[in-house]
Amino acid sequence: MEFYRSHVLVCGGTPCVLEGCKGVRDALIAEVKRRGLDREVKVVETGCLGPCDLGPVIVVYPEGTLYQKVRVSDVPEIVEQHLLKGRVVTRLVGEAPQAGVVKYEEPTYLGVQERIVLRNCGVIDPESIEEYIARDGYRALAKCLTEMKPADVIEAVKKSGLVGRGGAAFPTGLKWSFTANADADQKYILCNADEGEPGTFKDRLILEGDPHSILEGMAIAGYAVGANKGFIYVRGEYVLSIERLGKAIEQAKALGLLGSNIFGSGFSFDVEIRKGAGAYVCGEETGLIESIEGKRGEPRIKPPYPGTEGLYGKPTVVNNVETIANIPPILLNGPDWFRQFGTERCPGTKVFTLTGDITNKGLIEVPMGITLRRVIYEIGGGIPGGREFKMAQTGGTSGGCLPKELLDVPMDYFTLPEHGSALGSGALLIMDDSHCIVDIAECFMRFFEHESCGKCTPCREGTARLHEIVAKIARGEGKPGDLELLDELGSVMQVSSLCGLGQAAPVPIKTMLKYFRDEFEAHINDRLCPTGTCGI
Amino acid sequence: MKTVEELERIRKQAQAMTRLREGKETTRIVVGMGTCGIAAGARETLSAIMDELAKRNIQDVVVTQTGCVGLCEQEPIVDVIKPGAAKVTYGKVTKEKARQIVASHIVNGQVVGEWVIASA
Chain C
1233 MEFYRSHVLV CGGTPCVLEG CKGVRDALIA EVKRRGLDRE VKVVETGCLG
1283 PCDLGPVIVV YPEGTLYQKV RVSDVPEIVE QHLLKGRVVT RLVGEAPQAG
1333 VVKYEEPTYL GVQERIVLRN CGVIDPESIE EYIARDGYRA LAKCLTEMKP
1383 ADVIEAVKKS GLVGRGGAAF PTGLKWSFTA NADADQKYIL CNADEGEPGT
1433 FKDRLILEGD PHSILEGMAI AGYAVGANKG FIYVRGEYVL SIERLGKAIE
1483 QAKALGLLGS NIFGSGFSFD VEIRKGAGAY VCGEETGLIE SIEGKRGEPR
1533 IKPPYPGTEG LYGKPTVVNN VETIANIPPI LLNGPDWFRQ FGTERCPGTK
1583 VFTLTGDITN KGLIEVPMGI TLRRVIYEIG GGIPGGREFK MAQTGGTSGG
1633 CLPKELLDVP MDYFTLPEHG SALGSGALLI MDDSHCIVDI AECFMRFFEH
1683 ESCGKCTPCR EGTARLHEIV AKIARGEGKP GDLELLDELG SVMQVSSLCG
1733 LGQAAPVPIK TMLKYFRDEF EAHINDRLCP TGTCGI
Chain F
18 MKTVEELERI RKQAQAMTRL REGKETTRIV VGMGTCGIAA GARETLSAIM
68 DELAKRNIQD VVVTQTGCVG LCEQEPIVDV IKPGAAKVTY GKVTKEKARQ
118 IVASHIVNGQ VVGEWVIASA
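Line order of the protein sequences matches chains C and F. Taking the numbering used here, the leading residue of the first sequence gets 1233, the next gets one more, and so forth. Taking the numbering used here, the leading residue of the second sequence gets 18, the next gets one more, and so forth.
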């Protein structure tokens, strides 16, 4: 084993890849070698560090210095000044939330964050199973297989209070118990990585930054419910996620952490990857199952639920990536440990993707129940350009839009619905006062019309009519009664659509009508767009 | 993998490899790499320290650099800081001296008194 005095971690998450981190990494390796430091300094590609709009981002250990917006042309200076002479290149450190020196245990740039799901993202080399094992990887699986009965595992997950992080917030332990109690010759574990919600990219970055945590979590789920086969359904566009998952599966098989008779327990588990072709509705669990079976991606009528009749008609657990990533630490540290984070009703953390009009865009993980105000102003750095906060959409395009009056509402799976919104998958879209609500609504409704699979009438017709009415209002052709019609149509869709797509599509419209009704009325009654966006 | 012990063995090995990312308190060797230090041969001193640590398979030591501390005359300067102990500063550390400091101070815990220029 080689001893290095310094590790340079280059963020290899997709946002940094797009900013050119591969070139920076190659330049670092070449320059380190040219300077004769290649025996002393190790360059490691890692997963997402979080500050996605500051990429490419690199961290130099042991100092823990975070450099942002690193260009290939900066590399010689970093190598000469920092790696050779030990002088921090302050011009690349930036003033943003980190003040120069970050430490592995408590990186200061994370602020009030709490990292459970992202515990390894940006810390380990995701393509090295050894580095995952160094951070207690596969110890939870070992503990489950050698010390716990399957029923104990389910009981621990139930006690932890973990609820599904894909958006529906169904208690994970309860879900597992349905499948565990079902009598069948074959059961399946599915990992839903078909992250289709616009503005959400957490699952992608978890898969890229820590693929082994998903394999370990799935294997634990398999042991708990009696399944020996798992599929990860991942979006075809997530090229890097697929590549890293593939490598992780190979490595785990080589070490016997997947395969037959793991830890001599008699339990066997295998994982395969299935690529999705980019339909929003395939993120719905039964649509996803249809797609894996090779059929058209359309939701099934429920019940029966997948827990008892899922993939190929067999009992199937479908869990989101983030849910599964929570499993190994819960089993390793116990449910009580997990419950110290978040709120009583909703323990643990939530990973959010901050996008839109906010200074620090990127990936964060915070305790459940944190307020929108703290996320936007303490972690997000506020609204740039001296503008005012107007609205935040929580939970992606199918989530509600909250005005500034609701900035202090705790964000968890139970409180937000009381205000007509949803925590959903954890996308946070922030908009400043330069945007027109009707214009945004038109954009959202266009999306749903496009993504409706067409199987059930309320969704197929409803999404089209919602879009039609909103588009008319945006063009200045709205008429009295339109708002009431939108509201009524939305209510019908919510109770009668077959799956989450049609049920959630009216959510943004309904919250906009509730909190920003005056803007709609200005478009209809005065033929006026208050922000001047709509061109009427 | 058939046993938990096997996992534990890999974990221990891998932890040694990534220890310096943890920021935990451990022995630190700090080499003065200001212009004065480099001119006096600090680069060779640093390489010798790295080489000696590698030869002896010592993993739990962090090696960093620092700038000029104002004692240019004494360069290359090397600090050895053990957890809970006072900082020991060596002056005029050639590569040969550097190897000996690793052997004596780091491995055996014996400060090489005659080369010490400050201790606080």
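Cβ atoms here follow ideal geometry from the backbone N, Cα and C, with glycine treated the same way. Since the structure is predicted, the reported quantities are computational estimates derived from the model, not experimental observations.
Checklist entry - When DSSP builds the beta bridges, which residues end up paired with C/I1464? => result C/C1423 and C/I1505
Next on the checklist: Rounded to whole angstroms, what is the Cα-Cα separation between C/P1329 and C/P1283?
Outcome noted: Here the model assigns C/P1329 a pLDDT of 43, short of 50, so the residue's position is not dependable, and the following value carries that caveat. Each residue's alpha carbon lies about 9 Å from the other.
Checklist entry - How would you label C/A1706, buried or exposed, when you count the other beta carbons within 10 angstroms and need 16 or more for buried? => result buried
Item to check | Minimum Cβ-Cβ distance from C/L1489 to chain F less than 8 Å | outcome: yes
Checklist entry - Of the residues that make up the segment 1284 to 1301 of chain C, which ones have a beta carbon closer than 8 Å to any beta carbon in chain F? => result Y1293, P1294, E1295 and G1296
Item to check | Boundaries of the beta strand (DSSP E) in which F/A135 is found, first to last residue | outcome: V133 to S136
Next on the checklist: For the alpha helix (DSSP H) containing C/F1680, name the first residue and the last one.
Outcome noted: I1669 to E1683
Next on the checklist: Looking at chain F, is there any beta carbon in it that lies within less than 8 Å of the beta carbon of C/G1318?
Outcome noted: yes
Checklist entry - Do C/D1719 and C/K1704 have their C-beta atoms within less than 8 Å of each other? => result no
Next on the checklist: Can you list, in chain order, the residues of its chain with a C-beta nearer than 6 Å to that of C/S1523? Leave out the 5 residues immediately preceding and following it.
Outcome noted: C1514 and G1529
Next on the checklist: For C/R1577 and C/S1392, which I take to be in contact (beta-carbon distance under 8 Å), what is that distance rounded to the nearest angstrom?
Outcome noted: With 8 Å as the limit, C/R1577 and C/S1392 do not qualify as a contact, their Cβ atoms being about 13 Å apart.
Checklist entry - What runs of the alpha helix (DSSP H), each 4 residues or longer, lie entirely inside the segment 1274 to 1333 of chain C? => result none
Item to check | Inter-residue Cα distance where the pair is C/R1271 and C/I1261 | outcome: 11 Å
Checklist entry - Using a C-beta cutoff of 8 Å, does C/T1411 count as contacting chain F? => result no
Checklist entry - Is C/K1534 helix, strand or coil when you go by DSSP? => result coil
Checklist entry - Start and end of the beta strand (DSSP E) containing C/G1219? => result Since the displayed chain C opens at 1233 and closes at 1768, residue 1219 of chain C lies outside it and no answer follows.
Next on the checklist: Taking contact to mean 3 or more Cβ pairs, one atom from each stretch, closer than 8 Å, check whether the segment 1653 to 1673 of chain C and the segment 1626 to 1644 of chain C are in contact.
Outcome noted: yes
Item to check | Neighbour flag for C/V1264 against chain F, beta carbons, 8 Å | outcome: no
Item to check | Exposed unless 16 or more other CB atoms sit within 10 angstroms - verdict on C/H1682 | outcome: exposed
Next on the checklist: Is there a Cβ of chain F sitting closer than 8 Å to that of C/T1340, yes or no?
Outcome noted: With a pLDDT of 44 at C/T1340, under the threshold of 50, the modelled position of that residue is not reliable, and no figure is offered here.
Item to check | Rounded C-alpha distance that separates C/K1265 from C/E1234 | outcome: 16 Å
Checklist entry - Taking Cβ positions, are F/G54 and F/P93 nearer each other than 8 Å? => result yes
Checklist entry - Excluding five sequence neighbours on each side, which residues of the same chain lie with their C-beta closer than 8 Å to the C-beta of C/Y1336? => result Note that C/Y1336 scores a pLDDT of 36, beneath 50, so its modelled location is shaky; the value from the coordinates is reported in the next line. Excluding positions up to five away in sequence, the list reads Y1293, G1296 and V1355.
Checklist entry - Going along chain C in order, which residues have a C-beta closer than 9 Å to the C-beta of F/R116? => result Those within 9 Å of F/R116 in chain C number zero; the least Cβ separation is about 15 Å.
Item to check | Neighbourhood of F/V97 by C-beta distance below 6 Å, restricted to the same chain and skipping five residues each side | outcome: I46, V105 and H122
Checklist entry - Is the beta carbon of C/G1566 sitting closer than 8 Å to the one on C/F1573? => result no
Checklist entry - Quick one: Cα of C/S1473 to Cα of C/R1347, how far? => result 20 Å
Checklist entry - Any C-beta of chain C sitting closer than 8 Å to the C-beta of F/T20? => result yes
Next on the checklist: Suppose you measure from the CA of C/R1467 to the CA of C/A1754; what does that come to, to the nearest Å?
Outcome noted: 41 Å
Checklist entry - How long is the line joining the alpha carbons of C/G1617 and C/C1766, rounded to whole angstroms? => result 22 Å
Next on the checklist: Just checking: is the beta-carbon of F/T81 within a distance shorter than 8 Å of some beta-carbon in chain C?
Outcome noted: yes
Checklist entry - F/Q127 CB to nearest chain C CB: under 8 Å? => result no
Next on the checklist: Below 9 Å on C-beta distance, what does C/V1355 contact in chain D?
Outcome noted: Of the protein chains in this structure, namely C and F, none is chain D.
Checklist entry - At a CB-CB cut-off below 7 Å, which residues of chain F make contact with C/T1378? => result V21
Item to check | F/D77 to F/Q91 span [Cα, whole Å] | outcome: 28 Å
Checklist entry - Could one say the Cβ of F/L70 lies closer than 8 Å to chain C's Cβ atoms, at least one of them? => result yes
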